[in-house]
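Here is the structure we will look at, set down as structure tokens.
Numbering (my numbering), first residue to last: 156 to 441.
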């Protein structure tokens, strides 16, 4: 985004030959402070920021609520498993065939959580252990897909708009002390039902161009006072969500945690994700 985008382009355009590009060894870059490796301390800061988004710390039966999770051979495994462990989710089943990072993606030719086919191994495991919720992150762990059993025992795959609406509604109905000027930011191609639900809840809606970087830009503008708004969450229909301001891009770690919490909470009150989605449609329209 601007102004950094133009700065990058101008710097690239100023190079007439590869011979003009200055090269450094890794050692020199470290010595000059140009290369810094992120430590475990940064991991912990990130996890703590994610945990701050929890709405219900205590949910009856949470430790026994069974969830199947897959990082789809990507980077989500370590942070997601850690955040589950530190927030009391004790019945998490990992798809072991997809647990280790592997850029060849040997178990799924198209490692995209939008594709129901990636849930094949997850559903096999879920049926074996008796889980009703499967979640999968894309390999760089910024998007999340969901498979959930409906009241007829059939597996369904809520799309990105449906997941976003469910998550927004859950937050608005359960989070305490929400600022009066809270805002949800989404893209122009995401569902118009968002506006209807948000209006009923008294929340501002901002629409951006396609691309989560523009949602991140809105967070900065809120912080700078350009708008009288406090960022609550952002989402786009392509399965990307952000709750909290610890990041400026979609974050599947916090999304995975909150969707798990949402499912466990609804289960504790005799409901479910499919039932709550049906309620939204019956109230606001299909």
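We put the CB at the ideal spot given by N, CA and C, even for glycine.
Note that the structure is predicted; figures quoted are calculated from it, not measured.
For residue 393 and residue 298, believed in contact at Cβ under 8 Å, the rounded distance: 7 Å
Euclidean distance between Cα positions of residue 364 and residue 284: 42 Å
Assigned secondary structure, residue 164 (DSSP; H/G/I helix, E/B strand, else coil): helix
As assigned by DSSP and simplified to three states, the class of residue 288: strand
Every unbroken beta strand (DSSP E) within the region 239 to 297, with a cutoff of 3 residues, ordered by chain: 247 to 249, 288 to 292
The beta strand (DSSP E) enclosing residue 432, as first and last residue numbers: No beta strand (DSSP E) contains residue 432, which is instead part of the alpha helix (DSSP H) from 428 to 439.
Residue span of the alpha helix (DSSP H) that contains residue 373, given as start and end: 367 to 378
Classification of residue 416 by the beta-carbon crowding that lies within 10 angstroms, buried from 16 upward: buried
Nearest candidate by alpha-carbon position, reference residue 204, set 170, 408, 414: 408
Three CB pairs or more closer than 8 Å across the region 251 to 264 and the region 221 to 228: yes
Span separating the alpha-carbon of residue 410 from that of residue 193: 23 Å
Reduced DSSP category for residue 230 - H, G, I as helix; E, B as strand; rest coil: coil
Segment contact flag, the region 266 to 279 with the region 204 to 215, C-beta cutoff 8 Å, min 3 pairs: no
Same chain only: Cβ atoms within 7 Å of residue 219, ignoring 5 sequence neighbours per side: 246
Selection from 208, 290, 175 that minimises the alpha carbon distance to residue 273: 290
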